Amino acid sequence: MPTEVVEAAAGSALPMSDPQTIVRGACHHDCPDTCAWEVTVRGGVAVHLRGDPAHPFTDGQLCPKVNPFLDRVYHPDRLLRPMRRAGPKGEGRFEPIEWDAAIAEIAERTAAAIDRHRGETVLPYSLDGTQGLVQKGVLADRFFAALGATRLNRHICGVTASLGASDVLGIPLGADPTEIADARTIVLWGTNTLLTNRHLWPFIETARGNGASVTVVDPVATMTAQRADWHLQPRPGTDIALVLGIIGVLDRDGSIDETQLEARADGWPELRAEARALSLDDAAGITGIEPADIVGLAHRIAHSGPTVLRALIGMEHREHGRDIHRSIAALAAVSGSVFMRSTQVFFDTAFADVVPPPGPQRAVNMSALGDVLTNGDLEPPVTVLVNYGCNPAAITPDQNRVLAGLERDDLFTVVIEQFMTDTARYADIVLPTTTQIEHLDLMNAWGHLYVSLNLAAIEPLGECLPNTEIFRRLADAMNLEAPGLTDSDEQVARDLLASGHPWLDGITYKRLERDGWARLAVPAGWSALAEREIPLPPPSPQSPPRPLPSLSSAEATDGTEAANTAPRHQLGPLQLGALRYRPATESPAGDAALASRYPLALMTLKQHLRFLNSHYGGFEHHLPDPPQPRLEISPIDADTRGIAEGDPVRVFNHRGELFTDATISDRLQPGLVAMPFGWWAGSADARTVNVLTNAAAGGPDPDIGSAAFHDTLVEVEPARDKPRTPAHADPRTPTSPSP
Ligand SMILES: Nc1nc2c(c(=O)[nH]1)N[C@H]1C(S)=C(S)[C@@H](COP(=O)(O)OP(=O)(O)OC[C@H]3O[C@@H](n4cnc5c(=O)[nH]c(N)nc54)[C@H](O)[C@@H]3O)O[C@H]1N2
Ligand SMILES: Nc1nc2c(c(=O)[nH]1)N[C@H]1C(S)=C(S)[C@@H](COP(=O)(O)OP(=O)(O)OC[C@H]3O[C@@H](n4cnc5c(=O)[nH]c(N)nc54)[C@H](O)[C@@H]3O)O[C@H]1N2
Ligand code: SF4
Ligand SMILES: [Mo]
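Under my numbering, the first residue of the sequence shown carries the number 210, and numbering increases by one thereafter.
Structure, rendered in structure tokens:
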């Protein structure tokens with residue numbers, strides 16, 4: 210239950226005399242910052258929301274996306290009742306039904322599909338619509354495991370970057386991001402910190418105040434690049450050549466402590482040989498960065514430390530994304546820099562579901578949804594799709610194939626959503642779900658080390674139910690018998706905190722109820738680059754030993770080689786090894802025939818201040834003026850195509866086309882165009898940028914890793930007298946019945 214506090218929240222405009230409750234929580238968005246917040250509730254209504262001023266990372270600030278979050282909660286277009294489709298798929302016409310009828314229909318149709326095809330005919334499709342551990346996954350995962358459903362490799366975000374880091378470190382754990390404040394040289398490598406990770410910026414400014422320099426390595430002159438001391442603008446996807454160039458400089462200068470490196474790492478001679486094989490001029494030729502600048506960056510990194518190399522996700526959305534991220538980790542090892550990245554795996558390591566992981570069902574990569582739904586060879590075919598916390602019609606690459614799959618008459622689609630998204634329009638049954646202030650959750654983070662407890666501040670609106678309750682009801686309706694299917698949300702949270710892992714020492718449910726958040730008990734200065742052993746939870750009969758995240762089960766220990774306190778897993782030497790730049794297949798230097806038809810590289814960026822992925826993409830007050838996702842094009846490329854500022858254009862390739870207006874931009878190098886991602890199409894015939902994007906995995910295995918969104922080739926031509934799509938959905942055209 211919420212803590213009863215009868216006081217006015219500092220900074221709120223509420224009269225001091227009104228009794229009110231302040232409930233602690235944290236933002237659920239897929240954002241590294243996981244801001245702690247406080248909701249002020251009066252008379253059962255949330256009246257005010259602010260960042261928790263005591264939280265060391267959030268520091269009382271939320272962000273332009275989430276400051277008006279209560280408008281999202283009480284938005285007139287919130288889905289408030291279960292609905293059944295009443296028109297063609299995609300049209301978005303629905304009629305209300307009762308919860309019991311909805312649950313019964315889903316249970317019956319799912320059971321019938323399993324009888325006909327076996328469990329793997331069911332595909333759960335979800336991501337990080339909410340990052341809360343309880344609502345995002347635990348109960349849903351148990352439910353789908355009990356059904357024997359196909360497993361989804363949720364790899365569209367973060368996994369490729371993690372694998373690249375893991376290839377060097379054995380486990381993808383960098384340093385605590387707040388330690389960036391102690392750096393003298395900061396390199397933000399393919400991460401747009403000011404936009405995507407804004408609460409890290411004050412720590413960077415602290416370092417700057419102490420004399421640190423900030424370098425951004427990014428093909429686009431992002432807002433972060435514009436605020437940096439130095440912006441290096443490599444050609445997209447060429448970072449490995451830049452890294453080899455830097456290592457080559459350090460090698461020639463004798464700046465590498467080879468004795469120390471060889472004691473800690475395998476594969477240095479192979480890496481050195483690759484660096485020596487690429488001349489400085491060749492590195493400059495591939496990357497488009499002047500030789501003197503490569504030397505300058507190498508010297509900064511090696512001689513003006515402590516140096517932090519920070520990456521998040523940006524470069525993973527490429528065919529060779531895994532190797533690009535591997536190269537940054539390797540550079541950190543070679544140059545003695547601090548390596549800083551997502552902190553997700555700290556939490557994955559510390560928390561454990563008490564229920565054993567699912568059996569050996571087949572797995573599919575979420576990036577390949579279009580193929581999975583339309584490929585006639587899949588056996589069994591997917592005939593039941595249960596979608597929650599994800600908006601695949603908008604966010605998944607190769608949108609035409611995704612939509613063709615969602616249109617299939619023989620596909621039974623259930624969408625659990627807060628709003629009538631582009632995906633929900635294709636549902637057979639839509640189930641209305643709660644927002645973050647209406648349910649309980651335990652929040653991890655990937656930009657810092659604080660865990661938070663999010664308490665429900667208000668009752669669910671309308672007939673909304675949390676994801677968890679929906680899966681409990683479905684499990685009951687389907688008579689499933691498996692451990693933990695009916696656990697309460699609080700039980701799930703308590704069990705997660707009780708793994709016994711030393712990083713959760715002293716962090717109890719009770720403490721989180723009182724304080725809202727707590728820092729994982731990771732020692733200051735800890736990182737897998739510096740420490741080559743990692744604590745494991747103590748083995749117990751209730752929680753069988755499990756492999757560490759991103760380690761194969763062959764590498765994981767059985768947890769029995771006990772030290773005096775907790776058992777520790779030896780990570781072994783760092784792995785360097787050969788590393789070579791290769792152009793992506795779908796890039797100007799890759800497939801020449803394709804590049805001659807579609808000569809421009811398209812990057813589909815997160816660039817809107819008031820979007821979070823596809824959240825808010827259809828919200829009037831979150832859209833820019835004019836409310837249209839424009840194509841950015843360099844002056845030279847616009848000129849050669851006869852395109853002027855604001856002109857309507859057709860953007861197209863072998864996957865699809867879309868119509869929009871052009872913006873001439875000097876943020877981009879010639880040969881590169883960009884469009885924002887996250888907008889809604891708003892109708893079945895409209896398309897968004899993902900109609901053009903590449904679904905290839907960010908590494909050699911198609912089932913593993915993210916999509917190569919940014920390795921996409923297109924052509925652009927003037928399109929006067931053509932309709933412009935996508936227009937944003939008119940948020941005032943409700944497709945749901947009124948509550
Ligand atoms: N405001 C806002 N914040 C967000 C989000 C949002 O939608 N809106 N989304 C959240 C999510 S889900 C994520 S994953 C994070 C992502 O956060 P970031 O990791 O910062 O990722 P991106 O913005 O995708 O990409 C960062 C930068 O990488 C650059 N980049 C792309 N390719 C290359 C390359 O080959 N080399 C180099 N050096 N740079 C390259 C891009 O130009 C881009 O500026 O942001 C989160 N935060
Ligand atoms: N072209 C291109 N495509 C991209 C990217 C890119 O950079 N370019 N980035 C990729 C990346 S990094 C990511 S992470 C993905 C993001 O893809 P998604 O995870 O799909 O993105 P979101 O828009 O954050 O969330 C999807 C939905 O979750 C719903 N939701 C929120 N909370 C809850 C809840 O409690 N329960 C339920 N059932 N639903 C909830 C929201 O209403 C929202 O519609 O997109 C990827 N796609
Ligand atoms: S979206 Fe990110 S920055 Fe904004 S409130 Fe949520 S966690 Fe904080
Ligand atoms: Mo992401």
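Cβ atoms here follow ideal geometry from the backbone N, Cα and C, with glycine treated the same way. Everything numeric in this text was worked out from a predicted model, so none of it was measured.
query                                                                                                             : result
Nearest-angstrom Cβ-Cβ length linking Leu378 and Val452, presumed shorter than 8 Å                                : 16 Å between Cβ atoms; not a contact.
Residue from Pro291, Arg302, His257 with nearest C-alpha to Leu282                                                : According to the sequence displayed, residue 282 carries Val and not Leu. That would be His257, whose Cα lies nearest to the Cα of Val282.
Under the three-state DSSP convention, the category Phe861 falls into                                             : strand
Buried or exposed (CB count within 10 angstroms, at least 16 for buried), Pro940                                  : In this prediction, Pro940 scores a pLDDT of 35, lower than 50, which makes its location untrustworthy; no coordinate-derived value is stated.
DSSP state of Val429 mapped onto helix, strand, coil                                                              : coil
Check: Thr243 C-beta below 8 Å from any heavy atom of ligand 3                                                    : yes
The segment 367 to 387 contacting the segment 522 to 534, beta-carbon criterion three pairs below 8 Å             : yes
Closer than 8 Å: Glu626 CB and nearest ligand 2 heavy atom                                                        : yes
Distance cut-off 8 Å: Lys298 Cβ against heavy atoms of ligand 3                                                   : no
Backbone CA spacing between Thr769 and Leu745 [nearest angstrom]                                                  : A caution first: Thr769 carries a pLDDT of 36, below 50, which makes its placement in the model too unreliable to give a value.
DSSP-derived helix/strand/coil call for Arg941                                                                    : Confidence is the limiting factor: at Arg941 the pLDDT is only 31, short of 50, which leaves the residue's position unreliable and the question unanswerable from this model.
Closest by C-alpha distance to Phe861, when choosing among Thr359, Ile845, Leu840                                 : Leu840
Reference Asp350, options Ala691, Thr330, Asp920, Pro879, closest by Cα                                           : Ala691
Rounded separation between His508 and Leu487 - CA only                                                            : 18 Å
Length of the line joining the Cα atoms of Ala321 and Gly530                                                      : 41 Å
Ser661 burial status per 10 Å Cβ neighbour count (16 or more: buried)                                             : buried
Rounded straight-line distance, which links the Cα of His440 to that of Val504                                    : 14 Å
Cutoff 8 Å; reference Leu223; Cβ partners in own chain excluding five residues on either side                     : In this predicted model, Leu223 has a pLDDT of only 43, less than 50, meaning its place in the structure is not dependable; the value taken from the coordinates is given anyway. Here the set comprises Ala217, Gln229, Thr249, Arg251, Val256, His257.
Boundaries of the alpha helix (DSSP H) in which Ala906 is found, first to last residue                            : Run containing Ala906: none; DSSP gives neither H nor E here.
For Arg281, three-class secondary structure by DSSP                                                               : helix
Spatial neighbours of Leu694 in its chain, beta-carbon cut-off 6 Å, leaving aside the 5 residues before and after : Arg351, Ala684
Touching by the beta-carbon criterion (3+ pairs, under 8 Å), the segment 462 to 474 and the segment 482 to 502    : no
Alpha carbon of Thr902 to alpha carbon of Ala538, nearest angstrom                                                : 27 Å
contact_flag[the segment 616 to 626, the segment 636 to 653] where n(CB pairs < 8 Å) is 3 or more                 : yes
Sequence-distant residues of the same chain with beta carbon closer than 6 Å to Pro273, five excluded per side    : Leu818, Arg819
heavy atom of ligand 3 below 8 Å from Gly260 C-beta                                                               : yes
C-alpha distance - Leu658 paired with Trp712, whole-angstrom precision                                            : 10 Å
Identity of the residues DSSP links to His824 by a beta bridge                                                    : Leu821
Alpha carbon of Arg929 to alpha carbon of Pro857, nearest angstrom                                                : 6 Å
beta-carbon Lys719 near ligand 1 non-hydrogen atom, thresh 8 Å                                                    : no
Cβ-based burial, Gly296 [other Cβ within 10 Å; buried from 16]                                                    : exposed
Exposed unless 16 or more other CB atoms sit within 10 angstroms - verdict on Thr717                              : exposed
Heavy atom of ligand 2 within 8 Å of Leu159 beta-carbon                                                           : Lying before the first or after the last residue shown, residue 159 is absent from the chain, which here runs from 210 to 948.
C-alpha gap between Ile395 and Leu521, whole angstroms                                                            : 14 Å
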